[in-house]
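So the sequence shown is numbered by full-length UniProt numbering: it starts at 1 and just counts up by one.
A virtual CB, placed ideally from N, CA and C, is assigned to each residue, including glycine.
Since we're looking at a predicted model, the values are computed, not measured.
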Amino acid sequence: MTPERYNERWRWLTAGAVSLSLLAFLLLIGLLLWQGMRYFWPQPLILFSVQQPHQAAQPLLAEVISRQSPGTAQGAETTPQRLLVKTGNRDFAAPDFRTLLSSQIRAQSRPADAIAVLRRDQGMAYGWFAGLEENQQALLASNMDNVFHQRLQQVRLWQRQASHLRQVTLVEITKQLQTLAQQQKFDAAAGHDLQQESIIEANRAEAQRQFHEVSQQLAALERQIDSDRLVMRDAQGALHRLPLADIVDAWYPNRMNFAQKLQQAASRMIGFVSDTAPTSPEEGGIFPAIFGTVLMVMLMSVVVMPLGVVAAVWLHEYAGNGLLTRLVRIAVVNLAGVPSIVYGVFGLGFFVWLIGGSLDRLLFIDRLPAPTFGTPGLLWASLTLALLTLPVVIVATEEGLSRIPRSLRQGALALGATSAEALWQVTLPLAVPAMLTGLIMAIARAAGEVAPLMLVGVVKMVPELPVDGVFPYLHLDRKFMHLGYQIYELAFQNPNSQSDRPLLFATALLLVVIILLLNLLAMILRHRLRERYRTLLH
1 MTPERYNERW RWLTAGAVSL SLLAFLLLIG LLLWQGMRYF WPQPLILFSV QQPHQAAQPL
61 LAEVISRQSP GTAQGAETTP QRLLVKTGNR DFAAPDFRTL LSSQIRAQSR PADAIAVLRR
121 DQGMAYGWFA GLEENQQALL ASNMDNVFHQ RLQQVRLWQR QASHLRQVTL VEITKQLQTL
181 AQQQKFDAAA GHDLQQESII EANRAEAQRQ FHEVSQQLAA LERQIDSDRL VMRDAQGALH
241 RLPLADIVDA WYPNRMNFAQ KLQQAASRMI GFVSDTAPTS PEEGGIFPAI FGTVLMVMLM
301 SVVVMPLGVV AAVWLHEYAG NGLLTRLVRI AVVNLAGVPS IVYGVFGLGF FVWLIGGSLD
361 RLLFIDRLPA PTFGTPGLLW ASLTLALLTL PVVIVATEEG LSRIPRSLRQ GALALGATSA
421 EALWQVTLPL AVPAMLTGLI MAIARAAGEV APLMLVGVVK MVPELPVDGV FPYLHLDRKF
481 MHLGYQIYEL AFQNPNSQSD RPLLFATALL LVVIILLLNL LAMILRHRLR ERYRTLLH
């Protein structure tokens, strides 16, 4: 076989492998997109008349999830069609998924005035709009549907105002009171100063007055938020009062045309991605999980890149090829294969308990036994994943350094540059594309890790984000949400997994898209730097 024919065969094999990989990836994206869109697309509501054995026909308002076509067994009659329907209303008509046989269905229709209500706590509610109440008094208007959506928008505005008072204003006043208390304790230990003590007491009285005033404003807002109710009638005719504070959105799916459904789906997707309420995804938006994932990856990158580059430079430029260097390289390669849960256990013991506990005893002794840094949080999760991805960055950077011709280093030294100047001005800039390659691989692994995060800071739901308007603005001691952990919760720890299965696919699609965007950003930067320094290599 000639060399040309041999090389051509390998080129075709490589092209086939790449094509299969791209096809598998596109099929994965298509599956996630197809399954996830069901969560956002308004499905029609069907009113069934269901006949149970020895019972009268009962009405049932539901959304059809799937239909199992009837089959004919050999020597038997055709089996009835099975329908999996979602009835919603899990708080007063559980379970919200049922299986119906076509033989049980006496009639079915699509009522145009049936309403679908998305709630934060209890999922979907299906029924008919029966009115609005304010402080248990019925509201009357010519167009109640417009009044309902206006009230819903007003309640959301009140909720944002209450959240700002609770998470920013009250927190600032509380920190001010804590600072005054510590200052008073320090002054008492140093010696009594009546003038300073009177100033502190005046400042404390003013802070307590502000705290009481803001608390009253918050209580008034919460009373306003809790005063409005949506009155909904279910298929059996019973009335249910749903707080507007618990309603995310409401629509009439049987009235919608394709354009309106597309608009509604887009609105729900935007709300799903941008809702800043720190709740679990099945109860609202997933922005806190997106924010926590991106923030953790950024902090991990800030830590792992300098450490990985310094270690690679030492191994390649200064360590030589002795026994110690070979042992270090073997250890680095082996560390890359250690299971991630082992890193989680190490992070819990070393970072959280040892370092965090020591910081609490040194800096926050007045808050003990309540821990500040001696508990899982964002900082320890980022350091744990930095340790996990460190071998990847070291190996990629060292390989990039090995591809740089020695003639460039020797030329720099011949022109009078020192070893440090040659390293800083020539070697490292040419190795930046390899460093970014290591960063890409580190991001791809860290963003999808779940097992170690369960031990060092990730939770299903957080009361507040790690970043807010209160100094120091970035709170590394707080716990955070993560898209990978949300997928785990939805898939394995969710008591209503059948209902949230489309949400599981939507969250998985979002995680894949975020990893792709982070990798594409690094790839674009790597490509530009590679083009910039290509002339030096030739």
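Inset, instruction - Please specify which runs of the alpha helix (DSSP H), each continuous and at least 4 residues long, are wholly inside the stretch 286–368, giving them in chain order. - result: Within the stretch 286–368, the complete alpha helix (DSSP H) runs of at least 4 residues are 287–313, 323–335, 340–346, 357–363.
Legend entry - Whole-number beta carbon distance between F373 and residue 576, since they are thought to touch under 8 Å: Summary: the structure shown does not reach residue 576, with the chain confined to residues 1 through 538, and so no result is reported for it.
Legend entry - Three-state secondary structure (DSSP) of A76: Taking the sequence shown and counting its residues from 1, one reaches residue 76 at position 76. Here A76 scores only 48 on pLDDT, less than 50, and its place in the model should not be relied on; the value that follows carries that caveat. Here A76 sits in coil by DSSP.
Legend entry - Nonlocal neighbours in the same chain, by C-beta distance under 6 Å from Q182, ignoring five residues either side: The residue you call residue 182 lines up with position 182 of the sequence shown. Contacts found: none.
Inset, instruction - Write down the C-beta distance between L401 and A312 rounded to the nearest angstrom, noting that I regard them as a contact closer than 8 Å. - result: As a first step, residue 401 must be located in the sequence shown, where it is residue number 401. As a first step, residue 312 must be located in the sequence shown, where it is residue number 312. Right, their Cβ atoms sit about 6 Å apart.
Inset, instruction - Output yes or no for whether 8 Å exceeds the beta carbon distance between V302 and I286. - result: Reading the sequence shown from its first residue, position 302 is the one you call residue 302. Reading the sequence shown from its first residue, position 286 is the one you call residue 286. Contact: no.
Inset, instruction - Look at the Cβ atom of A125, then the Cβ atom of M232, and state whether they are nearer than 8 Å. - result: Along the sequence shown, read from residue 1 onward, the residue named residue 125 stands at position 125. Along the sequence shown, read from residue 1 onward, the residue named residue 232 stands at position 232. Yes, they are a contact pair.
Inset, instruction - Output yes if chain D places a C-beta closer than 8 Å to the C-beta of P433; else output no. - result: The structure shown contains no chain D; it holds only a single protein chain.
Inset, instruction - Go to L436, then tell me how far its alpha helix (DSSP H) extends in each direction, as first and last residue. - result: In the sequence shown, residue 436 corresponds to position 436, counting from 1. Segment 428–448, the alpha helix (DSSP H) holding L436.
Inset, instruction - For the alpha helix (DSSP H) holding T397, just list the boundary residues, first then last. - result: The sequence position of residue 397 within the sequence shown is 397, counting from 1. It spans 378–402 - the alpha helix (DSSP H) in which T397 sits, taken as one unbroken run.
Inset, instruction - Find out if the Cβ-Cβ distance for the pair L101, P80 is shorter than 8 Å. - result: On the sequence shown, position 101 is the one that residue 101 refers to. On the sequence shown, position 80 is the one that residue 80 refers to. Their beta carbons are under 8 Å apart, which means L101 touches P80 by this criterion.
Inset, instruction - Use the C-beta contact count for S280: other C-beta atoms within 10 angstroms, 16 or more gives buried, fewer gives exposed. - result: Walking along the sequence shown from the start, residue 280 turns up at place 280. Interpretation of S280 is limited by its pLDDT of 49, a score under 50 that renders its predicted location unreliable; no figure is taken from the coordinates.
Inset, instruction - Count the other C-beta atoms from every protein chain shown that fall within 10 angstroms of the C-beta of N254, then say buried if there are 16 or more, exposed otherwise. - result: The count along the sequence shown starts at 1 and reaches residue 254 at position 254. N254 is buried by the Cβ-count criterion.
Legend entry - Those runs of the beta strand (DSSP E) which lie wholly inside the stretch 54–126 and span at least 3 residues: 58–68, 82–86, 97–101, 105–109, 114–119
Legend entry - Inter-stretch contact at 8 Å, needing at least 3 Cβ pairs: the stretch 518–533 / the stretch 27–36: no
Legend entry - Close beta carbons around G377, own chain, < 7 Å, minus the five adjacent residues each side: Along the sequence shown, one-based indexing puts residue 377 at 377. Around G377: G457, L476, D477, R478, K479.
Inset, instruction - Indicate the three-state DSSP secondary structure (helix, strand or coil) for W10 in the structure shown. - result: Along the sequence shown, one-based indexing puts residue 10 at 10. Looking at W10 - three-state DSSP - the assignment turns out to be helix.
Inset, instruction - Look at the Cβ atom of G347, then the Cβ atom of L455, and state whether they are nearer than 8 Å. - result: Here residue 347 is taken as the residue at index 347 of the sequence shown, counted from 1. Here residue 455 is taken as the residue at index 455 of the sequence shown, counted from 1. Cβ atoms of G347 and L455: closer than 8 Å.
Inset, instruction - Go ahead and pull the three-state DSSP assignment for L139. - result: Here residue 139 is taken as the residue at index 139 of the sequence shown, counted from 1. Here L139 sits in coil by DSSP.
Inset, instruction - Could you tell me the boundaries of the beta strand (DSSP E) in which L218 lies? - result: As a position in the sequence shown, residue 218 is number 218, starting the count at 1. Counting along the chain, L218 falls outside any beta strand (DSSP E), though it belongs to the alpha helix (DSSP H) covering 194–225.
Legend entry - Inter-residue spacing [alpha-carbon to alpha-carbon] between Q68 and V332: Working through the sequence shown from its first residue, we reach residue 68 at position 68. Working through the sequence shown from its first residue, we reach residue 332 at position 332. Approximately 53 Å, taken between the alpha carbons.
Legend entry - L152 versus P243, G88, F97, G127, residue with shortest Cα-Cα distance: Taking the first residue of the sequence shown as 1, we reach residue 152 at position 152. Per the Cα distances, P243.
Inset, instruction - Determine which residues share a DSSP beta bridge with I46 and list them. - result: If you number the sequence shown from 1, residue 46 lands on position 46. BP columns for I46 point to A62.
Legend entry - N- and C-terminal bounds of the beta strand (DSSP E) containing D228: Walking along the sequence shown from the start, residue 228 turns up at place 228. Bounds of the beta strand (DSSP E) holding D228 are 228–233.
Legend entry - With 16 other Cβ atoms within 10 Å as the buried cut-off, status of P44: Residue mapping note: residue 44 aligns to position 44 of the sequence shown, counting from 1. Classification for P44: exposed.
Legend entry - Neighbourhood of Q58 by C-beta distance below 6 Å, restricted to the same chain and skipping five residues each side: For the purposes of this step, residue 58 is taken as the residue at position 58 of the sequence shown. Once the five neighbours on either side are set aside, the close Cβ partners of Q58 are V50.
Inset, instruction - Helix, strand or coil for I249, going by three-state DSSP, please let me know. - result: Taking the first residue of the sequence shown as position 1, residue 249 is located at position 249. The sequence shown places Asp at residue 249, not Ile. D249: strand per DSSP, three-state reduction.
Inset, instruction - Specify the secondary structure class of E531 as computed by DSSP and reduced to three states. - result: As a first step, residue 531 must be located in the sequence shown, where it is residue number 531. In this structure, E531 counts as helix in the three-state DSSP scheme.
Inset, instruction - Note down the Cα distance separating G322 from I330, rounded to an integer number of angstroms. - result: The count along the sequence shown starts at 1 and reaches residue 322 at position 322. The count along the sequence shown starts at 1 and reaches residue 330 at position 330. C-alpha separation (whole angstroms): 13 Å.
Legend entry - Rounded separation between S267 and A202 - CA only: One-based indexing of the sequence shown puts residue 267 at position 267. One-based indexing of the sequence shown puts residue 202 at position 202. Near 50 Å, if we compare the C-alpha coordinates of A202 and S267.
Inset, instruction - Go ahead and pull the three-state DSSP assignment for P502. - result: Counting from one through the sequence shown, the residue named residue 502 turns up at place 502. Helix, per DSSP.
Inset, instruction - In the DSSP assignment, find the unbroken alpha helix (DSSP H) run with R406 in it and report its ends. - result: As a first step, residue 406 must be located in the sequence shown, where it is residue number 406. First-last of the alpha helix (DSSP H) with R406: 406–414.
Inset, instruction - Quick one: using the 10 Å Cβ neighbour count with 16 as the cut-off for buried, is K175 buried or exposed? - result: Looking up residue 175 in the sequence shown gives position 175. Residue burial annotation: K175 is exposed, with fewer than 16 other C-beta atoms found within 10 angstroms of its C-beta.
Legend entry - Residue interval of the alpha helix (DSSP H) (run including L465): Taking the sequence shown and counting its residues from 1, one reaches residue 465 at position 465. Neither: L465 is in no alpha helix (DSSP H) and is coded neither H nor E.
Inset, instruction - Could you please give the first and the last residue of the uninterrupted beta strand (DSSP E) stretch that includes H240? - result: The count along the sequence shown starts at 1 and reaches residue 240 at position 240. Looking at the DSSP string, the run of the beta strand (DSSP E) that includes H240 is 239–243.
Inset, instruction - Starting from L262, trace the alpha helix (DSSP H) both ways and give me its first and last residue. - result: For the purposes of this step, residue 262 is taken as the residue at position 262 of the sequence shown. Unbroken alpha helix (DSSP H) run through L262: 258–274.
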